[in-house]
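Step one of this worksheet: look at the structure below.
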Amino acid sequence: MFSFKKTIISLVVFMMSQTVSSGSALDLSKTESTTETRFLQQGREEVFELQAETGDYIELGWQVNSGRFNLDSINRLTGAHIRRFVSSNAGRSPFLLVVEDAPINLKVSAIETGHYTLSIIKKVGSEHQNIKQTEYLSPRIANLADQLKSGDSTDAFWSEIEQKGTPLIEDNGNNKSILTFLARGARAGVRLLGAPTSNHEELEQLAGSDVWFKSFVVPNTTRLSYQLAVDVPVISGTWMERRRAILATLAADPLNKHPWPADAIDPYNQHSTVLLPAAEPGHFLGNQTVAKGQVTHSKIESKALGNKRDIWLYRSAGYEASKTTAPLLIMFDAEHYNDRISVPDILDNMVADGAIPPLATVFVSHIDSKTRTQELPNNAQFAAFVAEELLPFAQAELGISATPERTILAGSSFGGLASSTISLRYPQHFGNVLSISGSYWYSEENDENYVANLIANTPRQDIRFFLSAGLFEKSVGGGDRGILQSNQHLRDVLIARNYEVKLEAYAAGHDLFSWQTILSDGLVFLIGKGAP
6 MFSFKKTIIS LVVFMMSQTV SSGSALDLSK TESTTETRFL QQGREEVFEL QAETGDYIEL
66 GWQVNSGRFN LDSINRLTGA HIRRFVSSNA GRSPFLLVVE DAPINLKVSA IETGHYTLSI
126 IKKVGSEHQN IKQTEYLSPR IANLADQLKS GDSTDAFWSE IEQKGTPLIE DNGNNKSILT
186 FLARGARAGV RLLGAPTSNH EELEQLAGSD VWFKSFVVPN TTRLSYQLAV DVPVISGTWM
246 ERRRAILATL AADPLNKHPW PADAIDPYNQ HSTVLLPAAE PGHFLGNQTV AKGQVTHSKI
306 ESKALGNKRD IWLYRSAGYE ASKTTAPLLI MFDAEHYNDR ISVPDILDNM VADGAIPPLA
366 TVFVSHIDSK TRTQELPNNA QFAAFVAEEL LPFAQAELGI SATPERTILA GSSFGGLASS
426 TISLRYPQHF GNVLSISGSY WYSEENDENY VANLIANTPR QDIRFFLSAG LFEKSVGGGD
486 RGILQSNQHL RDVLIARNYE VKLEAYAAGH DLFSWQTILS DGLVFLIGKG AP
């Protein structure tokens, strides 16, 4: 406990002297929360001795009932001013302080005669600060924490987890679940890439045990993939170099029973997946027993860009018989969509189902990550390559003369951004945009929300948009620069400019595993049954 001891000082100012008088001590140590209302005449001061130690955290309440006052802290030994908390104000003013150098006093000075109230609300000694009060989101983890306090081991818990698989899934009501990601026996920590946030999340060690965990509440429609990085090296270097160190140990979760792809060459090239009960199952995924399209490989050299790249041309079953009216799909990031995700299989299944008509597709290589970063974000030369070199080449190879209303530019992340900016540059060629988690946070100098502002300030074009974003793709640290928020803003601007647009927000992240099902949704909207 702590207290104030009060001394009244009567201050009468003369030319060279002052008169000081003192009153009885005021002891506030009897209760944890104490309130004292005092009357003080103009020109007088009241000093309270604050019984506290260096480092103590104190919350005090202050209220002026009438009159005007100053409230200061002063050094008890020298009387030197330390800090002003209240300056001649009325009303209620709670304040906080940390005792930096005991002993200190609080001094009340009456500017005008009146009543004030000083309250002790809370004091936390330095020895009781920084004590983490753990509240567990997961009931199972909370129960395990109690068991560990009782001296139990984690063996039974891990036996249960090995049988059921990870992550731990618990019902949370209201069509939501608690996902708890787990790792065993790390020495220095575990990071989670692909969590239902935009961060590299740190798992927490449970009470010094071999259990590392992180819990989230997510919708039951959640579909995601993730990897774990155990004991990430701590290196010197730039922020980005230290952030990229996660890649040194990043791998699939060894306790997850749904690896993707299942036949990956090693865990470092594999993700672990979560598919909650209400998630889209992916009807069009996989190598199903249907009529197959044909994929051929080619190369194209660009004068506009001064480089050469691989492309793959896909012709669906039934394409040759209907190519005069067949849609043409151009997809960026061929390394993702013709390799890690087999879009030809998805298209085969969709055509066989009748969800979309027979079509042709061009998969465009991004060459390498550096080239991708240079070419996809609003690059006029790359746009010219797509419209003036790639499109004529593909039409000649495929024997097709696609109209803009039947031609689709598609991509994810920067590829989604490129699909929009190229269509806006060349609407006479590209009348449909299929943008998956498009990077519309992209800005140019003095122009945030570049694409939205471009649409708002240029004549309307005859382009239809399918946009998607993940509910877990919010801006890191808040704000409106995340993929989800920037796609929502773009949707609003498109509607205001009378464009046809559909935005779907999925319980997913920035994740190829979820993008493979989103692709089929976009195609159905743009060229499926009932589409213009």
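Throughout the sequence shown, residue numbering follows the numbering used here, covering 6 to 537 in sequence. All residues carry an ideal CB built from backbone N, CA and C; glycine is no exception. What you are looking at is a predicted structure, and each value in this text was computed from that prediction instead of being measured.
Which first and last residues belong to the beta strand (DSSP E) in which residue i is found?
i, result
"Y455", "First-last for Y455: Y455 to A461, but that is the alpha helix (DSSP H), not the beta strand (DSSP E)."
"R469", "R469 to G475"
"I413", "T412 to S417"
"L123", "G119 to V129"
"F337", "L333 to F337"
Taking the straight line between their C-alpha atoms, what separation do you get for residue i and residue j?
i, j, result
"A512", "L414", "24 Å"
"A253", "E340", "22 Å"
"S158", "K219", "20 Å"
"S440", "Q134", "49 Å"
"D5", "Y273", "The shown model of the chain, from 6 to 537, leaves out residue 5, and the question about it has no answer."
"S241", "R192", "20 Å"
"H276", "G170", "14 Å"
"N204", "V481", "7 Å"
"R97", "V52", "20 Å"
"V438", "W265", "28 Å"
"V237", "L142", "25 Å"
"I427", "A388", "5 Å"
"R5", "R377", "In the structure as shown, the chain begins at 6 and stops at 537. Residue 5 is therefore absent and cannot be evaluated."
"A399", "V367", "7 Å"
"K35", "I109", "Here the model assigns K35 a pLDDT of 38, short of 50, so the residue's position is not dependable, and the following value carries that caveat. Taking the straight line joining both Cα atoms gives about 20 Å."
"Q210", "R247", "22 Å"
"D77", "N70", "18 Å"
By the three-class DSSP mapping on this structure, what secondary structure does residue i have?
i, result
"A389", "helix"
"R176", "At residue 176 the sequence reads Asp, which differs from the Arg that was named. Strand."
"F398", "helix"
"G527", "helix"
"L429", "helix"
"I316", "strand"
"L290", "coil"
"E478", "coil"
"P224", "strand"
"G443", "coil"
"E246", "helix"
"A188", "strand"
"K375", "helix"
"G535", "coil"
"L16", "Below a pLDDT of 50, predicted positions are generally treated as unreliable, and L16, at 28, falls in that range; the measurement from the model is reported next regardless. Three-state DSSP puts L16 in coil, outside helix and strand."
Any beta carbon of chain B sitting closer than 8 Å to that of residue i?
i, result
"G72", "In the displayed structure, chain B is absent; only one protein chain is listed."
For residue i, collect the residues of the same chain with a Cβ closer than 7 Å to its Cβ; drop the 5 residues on either side in sequence, then sort them by chain order.
i, result
"E285", "R228 and T522"
"F100", "L65, W67 and F90"
"Q433", "P409"
"G420", "F337, D338 and L381"
"R81", "E54, P108, I109 and N110"
Assign residue i to buried or exposed, taking buried as 16 or more other Cβ atoms, counted over all protein chains shown, within 10 Å of its Cβ.
i, result
"G535", "exposed"
"S491", "buried"
"W317", "buried"
"D258", "buried"
"G436", "buried"
"T278", "buried"
"G84", "exposed"
"V456", "buried"
"W578", "The chain is shown from 6 up to 537; residue 578 falls before or after that span and cannot be answered."
"G404", "exposed"
"Q232", "buried"
"N261", "buried"
"D467", "exposed"
"G475", "buried"
"L296", "Sequence inspection shows Ala at residue 296; the Leu mentioned does not correspond to that position. When all chains shown are included, A296 counts as exposed."
"W520", "buried"
Need the endpoints of the alpha helix (DSSP H) that residue i sits in, please.
i, result
"S491", "I488 to A501"
"I146", "P144 to K154"
"Q275", "Where Q275 is concerned, there is no enclosing alpha helix (DSSP H), given that its DSSP letter is neither H nor E."
"Q168", "D160 to K169"
"A354", "It is Asn, not Ala, that sits at residue 354 in the sequence shown. Here the alpha helix (DSSP H) through N354 covers V348 to D358."
Spatial neighbours of residue i within its chain, please: C-beta separation below 6 Å, excluding the five flanking residues on both sides.
i, result
"F162", "L149"
"P332", "L364, R411 and I532"
"Y431", "A392"
"L352", "S321"
"N177", "I183 and V222"
"V103", "Y62"
"E37", "Because E37 carries a pLDDT of 47, less than 50, the predicted location of this residue cannot be relied on, and the following value inherits that uncertainty. Closer than 6 Å at the Cβ level, and outside the excluded window around E37, lies no residue."
"Y447", "P382, L422 and Y455"
"S124", "T40 and G66"
"L280", "R228"
Who are the near neighbours of residue i in its chain, counting only those whose CB is closer than 8 Å to its CB and skipping five residues on each side?
i, result
"G199", "L229, S230, Y231, Q232, H276, G514 and D516"
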